[in-house]
Structure formats: C-alpha cells, structure tokens
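**Student:**
There are 2 protein chains.
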Amino acid sequence: MKSYKSMSQEELSALYEELKKEYIDAKGKGLNLNMARGKPSKAQLDMSMDILDALSSKDNAITESGIDSRNYGDLTGIPEAKQLMADVMGTDPQNVIVFGNASLPIMYDTVARSYCFGVNGSTPWCKLDKVKWLCPVPGYDRHFAITEQFGIEMITIPMNSEGPDMELVKKYVEEDETIKGIWCVPKYSNPTGITFSDSVVRAFAALKPAAEDFRIFWDNAYAVHDLYEDKKDELIDILSECALNGNEDMVYEFCSTSKVSFAGAGIAAMATSEKNRKWVESTMTIQTIGYDKMNQLRHVRYFKDIDGLKVHMKKHADMLRPKFEAVLKCFESELGGLDIATWTEPKGGYFISFDAMEGCAKEIVAKCKEAGVTLTGAGATYPYKKDPKDSNIRIAPSFPTPEEMELASRVFVLCVKLVTVEHLLQNK
Amino acid sequence: MKSYKSMSQEELSALYEELKKEYIDAKGKGLNLNMARGKPSKAQLDMSMDILDALSSKDNAITESGIDSRNYGDLTGIPEAKQLMADVMGTDPQNVIVFGNASLPIMYDTVARSYCFGVNGSTPWCKLDKVKWLCPVPGYDRHFAITEQFGIEMITIPMNSEGPDMELVKKYVEEDETIKGIWCVPKYSNPTGITFSDSVVRAFAALKPAAEDFRIFWDNAYAVHDLYEDKKDELIDILSECALNGNEDMVYEFCSTSKVSFAGAGIAAMATSEKNRKWVESTMTIQTIGYDKMNQLRHVRYFKDIDGLKVHMKKHADMLRPKFEAVLKCFESELGGLDIATWTEPKGGYFISFDAMEGCAKEIVAKCKEAGVTLTGAGATYPYKKDPKDSNIRIAPSFPTPEEMELASRVFVLCVKLVTVEHLLQNK
Numbered sequence: 023m024k025s026y027k028s029m030s031q032e033e034l035s036a037l038y039e040e041l042k043k044e045y046i047d048a049k050g051k052g053l054n055l056n057m058a059r060g061k062p063s064k065a066q067l068d069m070s071m072d073i074l075d076a077l078s079s080k081d082n083a084i085t086e087s088g089i090d091s092r093n094y095g096d097l098t099g100i101p102e103a104k105q106l107m108a109d110v111m112g113t114d115p116q117n118v119i120v121f122g123n124a125s126l127p128i129m130y131d132t133v134a135r136s137y138c139f140g141v142n143g144s145t146p147w148c149k150l151d152k153v154k155w156l157c158p159v160p161g162y163d164r165h166f167a168i169t170e171q172f173g174i175e176m177i178t179i180p181m182n183s184e185g186p187d188m189e190l191v192k193k194y195v196e197e198d199e200t201i202k203g204i205w206c207v208p209k210y211s212n213p214t215g216i217t218f219s220d221s222v223v224r225a226f227a228a229l230k231p232a233a234e235d236f237r238i239f240w241d242n243a244y245a246v247h248d249l250y251e252d253k254k255d256e257l258i259d260i261l262s263e264c265a266l267n268g269n270e271d272m273v274y275e276f277c278s279t280s281k282v283s284f285a286g287a288g289i290a291a292m293a294t295s296e297k298n299r300k301w302v303e304s305t306m307t308i309q310t311i312g313y314d315k316m317n318q319l320r321h322v323r324y325f326k327d328i329d330g331l332k333v334h335m336k337k338h339a340d341m342l343r344p345k346f347e348a349v350l351k352c353f354e355s356e357l358g359g360l361d362i363a364t365w366t367e368p369k370g371g372y373f374i375s376f377d378a379m380e381g382c383a384k385e386i387v388a389k390c391k392e393a394g395v396t397l398t399g400a401g402a403t404y405p406y407k408k409d410p411k412d413s414n415i416r417i418a419p420s421f422p423t424p425e426e427m428e429l430a431s432r433v434f435v436l437c438v439k440l441v442t443v444e445h446l447l448q449n450k
Numbered sequence: 023m024k025s026y027k028s029m030s031q032e033e034l035s036a037l038y039e040e041l042k043k044e045y046i047d048a049k050g051k052g053l054n055l056n057m058a059r060g061k062p063s064k065a066q067l068d069m070s071m072d073i074l075d076a077l078s079s080k081d082n083a084i085t086e087s088g089i090d091s092r093n094y095g096d097l098t099g100i101p102e103a104k105q106l107m108a109d110v111m112g113t114d115p116q117n118v119i120v121f122g123n124a125s126l127p128i129m130y131d132t133v134a135r136s137y138c139f140g141v142n143g144s145t146p147w148c149k150l151d152k153v154k155w156l157c158p159v160p161g162y163d164r165h166f167a168i169t170e171q172f173g174i175e176m177i178t179i180p181m182n183s184e185g186p187d188m189e190l191v192k193k194y195v196e197e198d199e200t201i202k203g204i205w206c207v208p209k210y211s212n213p214t215g216i217t218f219s220d221s222v223v224r225a226f227a228a229l230k231p232a233a234e235d236f237r238i239f240w241d242n243a244y245a246v247h248d249l250y251e252d253k254k255d256e257l258i259d260i261l262s263e264c265a266l267n268g269n270e271d272m273v274y275e276f277c278s279t280s281k282v283s284f285a286g287a288g289i290a291a292m293a294t295s296e297k298n299r300k301w302v303e304s305t306m307t308i309q310t311i312g313y314d315k316m317n318q319l320r321h322v323r324y325f326k327d328i329d330g331l332k333v334h335m336k337k338h339a340d341m342l343r344p345k346f347e348a349v350l351k352c353f354e355s356e357l358g359g360l361d362i363a364t365w366t367e368p369k370g371g372y373f374i375s376f377d378a379m380e381g382c383a384k385e386i387v388a389k390c391k392e393a394g395v396t397l398t399g400a401g402a403t404y405p406y407k408k409d410p411k412d413s414n415i416r417i418a419p420s421f422p423t424p425e426e427m428e429l430a431s432r433v434f435v436l437c438v439k440l441v442t443v444e445h446l447l448q449n450k
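Protein chains in written order, with my numbering: chain H, 23 to 450; chain B, 23 to 450.
#1: Give a yes or no on contact between the segment 255-266 of chain B and the segment 221-235 of chain B, applying the rule of three or more CB pairs nearer than 8 Å.
#2: Thinking Arg59 (chain B) and Tyr94 (chain H) are a contact (beta carbons under 8 Å), I'd like their distance in whole angstroms, please.
#3: Could you pull the start and end residues of the beta strand (DSSP E) that Met57 (chain H) belongs to?
#4: Going by the CB atoms, is the gap between Thr132 (chain H) and Tyr274 (chain H) shorter than 7 Å?
#5: Output the boundary residues of the beta strand (DSSP E) element that contains Ala363 (chain B).
#6: Listed in chain order, which residues of the segment 48-63 of chain H have Cβ atoms closer than 8 Å to some Cβ of chain B?
#7: Less than 7 Å between C-beta atoms, sequence neighbours within five positions excluded: which residues of the same chain meet that for Leu342 (chain B)?
#8: Going by DSSP in three states, Ile4 (chain H) sits in which element: helix, strand or coil?
#9: Could you spell out where the alpha helix (DSSP H) holding Ser304 (chain H) opens and where it closes?
#10: Return the chain-ordered list of same chain residues with a C-beta closer than 7 Å to the C-beta of His445 (chain H), the five sequence neighbours on each side being excluded.
#11: Report yes if the C-beta distance between Ala400 (chain H) and Ile417 (chain H) is below 7 Å; otherwise report no.
#12: Can you tell me which of the three DSSP states Arg92 (chain H) falls into?
#13: Return the first residue and the last residue of the beta strand (DSSP E) that Pro424 (chain B) is part of.
#14: Roughly how far, in whole angstroms, is the beta-carbon of Asn317 (chain B) from the beta-carbon of Ala287 (chain B), given that I think they are within contact range, below 8 Å?
#15: Does Met71 (chain H) have its Cβ less than 7 Å from a Cβ in chain B?
#16: For a cutoff of 7 Å on Cβ pairs, would you count Tyr94 (chain B) as touching chain H?
#17: Using the beta-carbon of each residue, which ones in chain H are nearer than 8 Å to Met341 (chain B)?
#18: Could you check which residue in B:Pro410, B:Asp412, B:Gly394 and B:Pro186 has the C-alpha nearest to that of Ser431 (chain B)?
#19: Excluding five sequence neighbours on each side, which residues of the same chain lie with their C-beta closer than 7 Å to the C-beta of Ser70 (chain B)?
#20: Name the chain B residues whose beta carbon is nearer than 7 Å to that of Phe284 (chain H)?
#21: How do the segment 359-368 of chain B and the segment 308-317 of chain B stand: do at least 3 beta-carbon pairs fall below 8 Å, yes or no?
#22: Need the endpoints of the beta strand (DSSP E) that Phe276 (chain H) sits in, please.
#23: Any beta-carbon of chain B closer than 7 Å to the one on Asn123 (chain H)?
#24: Are the C-beta of Pro422 (chain B) and some C-beta of chain H separated by less than 7 Å?
#25: Give the straight-line distance between the Cα atoms of Cys277 (chain B) and Asp252 (chain H), rounded to the nearest whole angstrom.
#26: Counting only beta-carbon separations shorter than 7 Å, does Asp75 (chain H) have a partner in chain B?
#27: For Leu66 (chain H), is the classification buried or exposed, using 16 other Cβ atoms within 10 angstroms of its Cβ as the cut-off for buried?
#28: For Ala36 (chain H), does the count of other Cβ atoms within 10 angstroms reach 16, so buried, or fall short, so exposed?
#29: Counting along the chain, where does the beta strand (DSSP E) carrying Thr178 (chain H) start and finish?
#30: Going by beta carbon distance, what residues of the same chain come within less than 7 Å of Cys157 (chain H), once the five residues before and after it are set aside?
#31: To the nearest angstrom, how far is the alpha carbon of Ser63 (chain B) from that of Gly371 (chain B)?
#32: Is Ile328 (chain B) helix, strand or coil when you go by DSSP?
#33: Between the segment 125-150 of chain H and chain B, which residues of the former have a C-beta closer than 7 Å to a C-beta of the latter?
#34: Buried or exposed for Gln171 (chain B), please, with buried defined as at least 16 other CB atoms from any protein chain shown within 10 angstroms of its CB.
#35: Have a look at B:Glu303, B:Lys332, B:Val223 and B:Ala290 and flag the residue whose alpha-carbon is nearest the alpha-carbon of Leu319 (chain B).
#36: Tell me the rounded alpha-carbon separation between Glu197 (chain B) and Lys315 (chain H).
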C-alpha cells in the first residue's frame, strides 16, 4: 500500500471522498460496540462460575489452620490465600496481605494512608508543600486519577519497549525529594502490553531515592495473563531484587484476581517488606475488622494452587487470543504500509496501544463514537487526560466477541484513515 | 443480701478470705472463655450457611435490571441490595449506597474523605488547626479509634436512658464550629443497649450546627437485632426528621449484615442525602471500580426482602436470648442488693453495659483474665481508652454458648465481688 504522506493533494482528496462514503455506510449499520474498558466478557465470566460452588452450605468454612472464615478477625487474610497470591506474584507468602475484592482500593488506600499519616513514620504528605509523582506514559487512567485526586503533581516519563526511561526515572528519584512515588504496570503494561526487562527491574531496585518515603507502586495486574503458551514474557521479582540492594522497603506490589475469577468479586493482595506491612496494618486495623475471608476461601478451594489457577488462565487465553488477533490482523491488513500509525503487539494483558498521527486521536475516538464504537477517551492514558501529541489510543479487546471485535476494528481503521487524510489535507 | 458498703471491717475481711478461696478454685478450673467482642458464635454463623447456595454455578448472576454482578461497574451497588438495606434502615432506596463487606470501613473512609478533601466542598479537615468530635460514653471502641487515628480531639458526652445528653450536644454543636461530628449507635447502643428516644432523635434533627461540615455518624448497627418479639425498641427515622428541619445533609446513616449473615462477609450500606451521596461518589469512583456485587446479589437472593431477613433474625434472637438471660440472671442473683454495681438489661443488640464501683473495672478485667475469662479491656468504651471513673465494663455474650456464658458470668461476678471488697477494705 502507498504511504499516505507520499500522496499528492489530488490523490488525498479522492481518497477522502471515498472514505467519507465508507464512513456514512458504517454509521448506517447502527453498531453499538464497546472497547473502552478492560472488562471481561460474559463468556469469560461464565468460565468462572464453578468458583461459586467451591464454598456451599455443605462445606465447612474453616481454613486449614482453623480460622472460621465467616467471622471477624484475621486482618491480613487467610494463610491459604496468602500462599496463592504470593505464587501469582512470585514472592513469599510472608510478604503478603490479602485484602478485598480488587486491587485499586489497596492502591488508593496506600496513597491515602501516606497522605494522612506518612510512610513508616515520615511526615504526612498532606503536611508537605509539594508532592510529586512519576507517571510512565502511556499509562493507566485509574492510577493517574488517584494521584490527581490527592493533588499530587504528576510528571510524565516516556515508556519504551523495555519499560520506563530509567535514566530519567533515576534522575528524578535521586535528585528530587518531593518525588514520592511512581506508577508501574510491569508486566503486559496498561496499555502498551510491554513487560519491563530484567535490566529495567534491576535499575528500579538499585535506585537511591532522595526521599525516604519514596515508593514504587508495582501494579502487577497481569502477572498470569499470558496470551501465548509458547511466547510468554517473564518478569523478574522486584521484591527480591530490592532486598539485594538493601532497598526492601521501596516497593509495594499489588495484584488481584479481577481478571482471573470475577472482575467485581475477586480477591486482591499486596506484597511488601515487613516494615511496610506493619505500617499498613497500623491503619488497616482501624479501617476494618477484616476483609471478606469467605471469598478468599472460595477462591483457594476452587483454584487449589497456582497450577490450578494457571490451567484456568489458559482457558482465558484461548478466549482472548482470537480477539487480539482479530484487531491486529485488521490493523496490519488495513493500515500496514500507510505510514500513519503504529501499534503494539502484546503477548498478554488486556490492551493494545495505538499511536495515530499527531493531533488525530481525539477526532478518531469521536468519529468512532459517532459510528457506534466506544473507545477509551483519547488522552486517558496520560495524566490529567492530556496527551500532548493527541496521538495515543488504548484498544481494549476483552469485552466484545471476536466477531464484534472484527467489526469494531474495521470501523476503527476506517476512522483512523478518514481523520488522518483530513488532517493531511488541512496541513498540506 | 447485705449491702457491702454497710459491712464492718471484720465482715469484709471474712468475706474477702472466702472470696479469695473461691477465686483460687475458679482459677483451678482452667477456663478459656471469651466475651471480649461482639462476635457471632459458630452456631449462629451455621444458621446462615444456606446463603452460600443462593448464588451457585447453576444460577445466573444477572440482576433484575440486567446488571452482570460479576463484572466491573455499578459503583453504588445493585438496586435490589439498595432496597433491602433501605428497608433495614427504614429509609428510601434512593438514599442508599451499598458498599463492601462491613460498615466500619465506610465510616473510616467517610472520616478519611473529610480529612483529605473536606465535606461537600468545605475545607479539608487536614488543613484545619483543630477538629473536635463528640463521643457519647460509654461507646464503641472502634468508633473512637477512627477519630483518634485522624488526630481528632474527642469530647465525651454522657449517655442516659434515652440517649446522649442532648442539652450538652446542642451546646457544643451550635456554639463550637470546630465540632465536626458525633458518633451514635442509636438503637441497642454499644454497649448500653438503650435506644434513642423519639425526642432525642428529634433534638438531633433540629440541631443548628455552627460548622457547615458537621455530620452525625448514625451507626444503625443493630436496626433489626431485637431479642424479644413482644418488647422491641423502636427508633424513628433520622433522615426524614432531618429533612423536616431542612437539615437533610446533616446525617450519614450506616448499617450492615455483619450480624445478620456473616461477620466477615456481609454487605454494608450508607444512607444519606443526595448532596452527600454525590460527594461520597466523587471520591468513591477514584477509590474503586465497584464493591462486590455478587455478594450483594447472594444476600438479596437468599433473604428475598426485609420480611425474609426478619424471619432470619428471629432465629438469631432465639439463640442469643438465653445467653443474655444467663448473664442477667447471674448478675441479679449474685450481685442484686449488694449495692456494688449496676448494669443494663437490653432488649436487643450485642452488649450489656456493666458499671462496677469506681476504680474497680481494670482490676476486675485483670482478675477475670487470670481466671481464663477474657473481657473487653476496661476503658475501651471511652475515648483514648480512658474511663475517668474506671468503672465501665462491656459484656459481650454472643460468642460463647449459654453454658459457657453461665460459667463466665460466675467467674465475672466473683471477680467483681473480690475486687470490690478489696477496694472497700483499702478505703476503709
């Protein structure tokens, strides 16, 4: 195919007319498709329904160590659930606290705790003049929303194929004591799908932060979410790497089963050092008498162990892979060679990151919406929802069926072409 | 029986020797009984096990209005659960937000939200020089722990048989704009077991707070927890009373099924005005994508409606009543007429409040502990765990069996006598 940039004014004008017609046709189809959020599909949720039978009236609700999961107490979770979540994260169960139905509230509460009470005895962030945060971009909108809510100034860090630009991270973290944290999705990153390389993880672990209360928020949301058996990304364990550098208190790691069992009714955990856990527990014990241990037990009884969980994740992969492939195939066949966009080809996770020509993303999303295809808002992958290049769009293929995903992709590439040609014509 | 205070030195000394012997005997029994916390017993939890079958792999997990309870979204809870919790509180479902597994985190988060972000646009409490709070005493230790954690200065308000001393409450709330809240357990209060009278509720509703961000934290934890069918306490609805006074934003009401279904795995809710709900939702939507809607659906499918829930609560009452009666019978027969203690006789809830002779509570609790009976720490019913009279002890009869409760009560009254006589001898 011919690169759009090499086309003459006349060629572009003719193409534009053609694309406009196609777009009017597409709108006429009355589609209503949503690839805005990384939501599991109905069929994927159906796969987990047997979990509900893993704790029935016929079962006893007592854990192996004799904890009555139905009653108050056991603030940090049941031992079996700690083991399972530790295995998901590749760490030791003694590092783990199991919380409630999702990991986002753990992250929010961790920021809130630091804001109100400080970090392991440091000055509460609400008493500081300035708190800053590093945000690798493109990144996860709900992360950015938390730091924005607490009035924390967000500084963007470019992502590359190995992870965040670590030279820049190092410079900020080691020179500026107002930098208190960084958001990371280290495996199958949201939205680029890349996994942090060993050297990036080691560079994180070797940081010498200017601030004693600097923490890495390591959101290992897609730890077991491989799409391909034969080409999985591997992420090395940040906790042990940090310990090797005498930096054991520098990381909070988070994970959940939101995209393993049920998106609204999973279990979630944090792994971190003993000192950090004690600090977390000191406010946790005021906030709650304990999280839902019956749901913890239900999950453990069903999955049995990490091997059981991985068998389950293969079924998810079989369901998700065709959706990713439908998108990527459409992108390749329709946009390949046009030199108007780039996109990632993740080996796991929930997203594809798409970079349109600068200045086109918002308009593409709007055009898609008009034709019945809802995307994540353009800019959402940047702090304050402001993508300076107006280029990045997050594609979330998990919710629609593969057939719907193909339809949606066709509308999407059409809108990409239409908006890009319009943009090129205006800027000729 | 003869009043201890009227006894001579000789009589007291003789009694003391006798009680000491009895106490040594009691210690010899090697008891291990716990009436420290308002925990449901195993048998009580067993009564709720069928809830687990109300949402199995054979059921569909879709609500009546078409919400997939397994997926993300629906921040404020499913409509069916709003209806059920509204009926528990005696309010309208449109006032209700349904949260996670317990109400304590809702209260904590509500204080935390006000501390970090203010109340409906007011100055965040963390930016104020002084925040004060009213604490009716004796009261609930976990309430006081929250306000203590946030550095809020707690002022005690005496409780009487109708509720808090409302003249004092009015004086503080209307004259001091640093007073930002008050803790209340309006029905079967923790620990006195009394229910706020209509005139107390109306006095609350008619308050004209000096601070626009003053809120009543109305912890309606025991709304449906009557012990007797024929002599229930009735609590009038604070939300509608407040509305009558143009004070609709002044109250947050909380409730949960922690002591209806499972103590660790129930559902919990807040009822409040539209303005307040919007403010709550503005941070909720950052903190979480939604609470566990499957557990909400499980509860609604099992209880069906408030009538079903009340039938269930009658079974609880049948189980709890003998425990309360065992305690009260023992108190009456062993302590009646001795003029050394008073106690409440609640018609519902989870606690009996016991007032020993001044200066004796700590020692009684210690002596009980030594004889294998664990009580709530003396002082726990006061802010900062400081009971100025060292007199109040909270008795929690729910966890032991009736037989254990009788044994525990015997040890308790023995310790009361022993410590009191010792005290009288020292002060002769």
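A virtual CB, placed ideally from N, CA and C, is assigned to each residue, including glycine.
**Tutor:** Walking through what the data contain:
#1: yes
#2: If you number the second sequence from 1, residue 59 (chain B) lands on position 37. If you number the first sequence from 1, residue 94 (chain H) lands on position 72. Right, the Cβ-Cβ distance comes to about 7 Å (below 8 Å), so this counts as a contact.
#3: For this step, residue 57 (chain H) is matched to residue 35 along the first sequence. Element bounds for Met57 (chain H): Leu55 to Met57.
#4: Locating residue 274 (chain H) in the first sequence gives position 252, counting from the first residue. Locating residue 132 (chain H) in the first sequence gives position 110, counting from the first residue. Result yes, Cβ atoms of Tyr274 (chain H) and Thr132 (chain H) sit closer than 7 Å.
#5: Working through the second sequence from its first residue, we reach residue 363 (chain B) at position 341. Unbroken beta strand (DSSP E) run through Ala363 (chain B): Ala363 to Trp365.
#6: Arg59, Lys61 and Pro62
#7: In the second sequence, residue 342 (chain B) corresponds to position 320, counting from 1. Answer for Leu342 (chain B): Leu249 and Ser420, listed in chain order.
#8: This structure cannot speak to residue 4 (chain H), because chain H is shown only from 23 to 450.
#9: Translated into the one-based positions of the first sequence, residue 304 (chain H) becomes position 282. That run of the alpha helix (DSSP H) goes Glu296 to Gln309.
#10: Locating residue 445 (chain H) in the first sequence gives position 423, counting from the first residue. Correct list, in chain order: Met379, Gly381 and Cys382.
#11: Here residue 400 (chain H) is taken as the residue at index 378 of the first sequence, counted from 1. Here residue 417 (chain H) is taken as the residue at index 395 of the first sequence, counted from 1. No, they are not a contact pair.
#12: By one-based count along the first sequence, residue 92 (chain H) stands at place 70. In this structure, Arg92 (chain H) counts as coil in the three-state DSSP scheme.
#13: Taking the first residue of the second sequence as position 1, residue 424 (chain B) is located at position 402. That residue, Pro424 (chain B), is in no beta strand (DSSP E); its alpha helix (DSSP H) goes Pro424 to Gln448.
#14: Taking the first residue of the second sequence as position 1, residue 317 (chain B) is located at position 295. Taking the first residue of the second sequence as position 1, residue 287 (chain B) is located at position 265. The Cβ separation is near 7 Å, so the contact holds.
#15: Indexing the first sequence from 1 puts residue 71 (chain H) at position 49. So yes, Met71 (chain H) belongs to the interface.
#16: Reading the second sequence from its first residue, position 72 is the one you call residue 94 (chain B). Closer than 7 Å: yes.
#17: The residue given as residue 341 (chain B) occupies position 319 in the second sequence. Within 8 Å Cβ-Cβ: nothing; Met341 (chain B) doesn't reach chain H, min ~15 Å.
#18: In the second sequence, counting from the first residue as 1, residue 431 (chain B) sits at position 409. Out of B:Pro410, B:Asp412, B:Gly394 and B:Pro186, B:Gly394 has the C-alpha closest to the C-alpha of Ser431 (chain B).
#19: As a position in the second sequence, residue 70 (chain B) is number 48, starting the count at 1. Once the five neighbours on either side are set aside, the close Cβ partners of Ser70 (chain B) are Ser283 and Phe284.
#20: Reading the first sequence from its first residue, position 262 is the one you call residue 284 (chain H). Correct list: Arg92 and Met316.
#21: no
#22: The sequence position of residue 276 (chain H) within the first sequence is 254, counting from 1. First-last of the beta strand (DSSP E) with Phe276 (chain H): Val273 to Ser278.
#23: Here residue 123 (chain H) is taken as the residue at index 101 of the first sequence, counted from 1. Chain B contact via Cβ: present.
#24: Along the second sequence, one-based indexing puts residue 422 (chain B) at 400. Cβ-Cβ to chain H under 7 Å: no for Pro422 (chain B).
#25: The sequence position of residue 277 (chain B) within the second sequence is 255, counting from 1. The sequence position of residue 252 (chain H) within the first sequence is 230, counting from 1. Roughly 51 Å separates the two Cα atoms.
#26: Counting from 1 along the first sequence, the entry for residue 75 (chain H) is found at position 53. Closer than 7 Å: yes.
#27: To locate residue 66 (chain H), count along the first sequence from 1; it is residue 44. Reading the sequence as shown, one finds Gln at residue 66 (chain H) and not Leu. By the 10 Å Cβ count, Gln66 (chain H) comes out buried.
#28: For the purposes of this step, residue 36 (chain H) is taken as the residue at position 14 of the first sequence. Ala36 (chain H) is exposed by the Cβ-count criterion.
#29: Against the first sequence, residue 178 (chain H) aligns to sequence position 156. Its beta strand (DSSP E) spans residues Glu175 to Asn182.
#30: Working through the first sequence from its first residue, we reach residue 157 (chain H) at position 135. So the qualifying residues of the chain are Phe166, Met176, Ile177, Thr178, Ile179, Trp205 and Pro405.
#31: The residue given as residue 63 (chain B) occupies position 41 in the second sequence. The residue given as residue 371 (chain B) occupies position 349 in the second sequence. About 14 Å.
#32: Here the question's residue 328 (chain B) lines up with position 306 in the second sequence. Correct three-state label for Ile328 (chain B): helix.
#33: Leu126, Pro127, Tyr130, Ala134, Tyr137, Cys138 and Cys148
#34: Counting from 1 along the second sequence, the entry for residue 171 (chain B) is found at position 149. The residue in question, Gln171 (chain B), is buried, as its Cβ has 16 or more Cβ neighbours within 10 Å.
#35: What you label residue 319 (chain B) is simply residue 297 of the second sequence in a count that begins at 1. Of the listed residues, the one whose Cα sits closest to Leu319 (chain B) is B:Ala290.
#36: On the second sequence, residue 197 (chain B) is found 175 positions in, with the first residue counted as 1. On the first sequence, residue 315 (chain H) is found 293 positions in, with the first residue counted as 1. Rounded to whole angstroms, Glu197 (chain B) to Lys315 (chain H) spans 45 Å at the Cα level.
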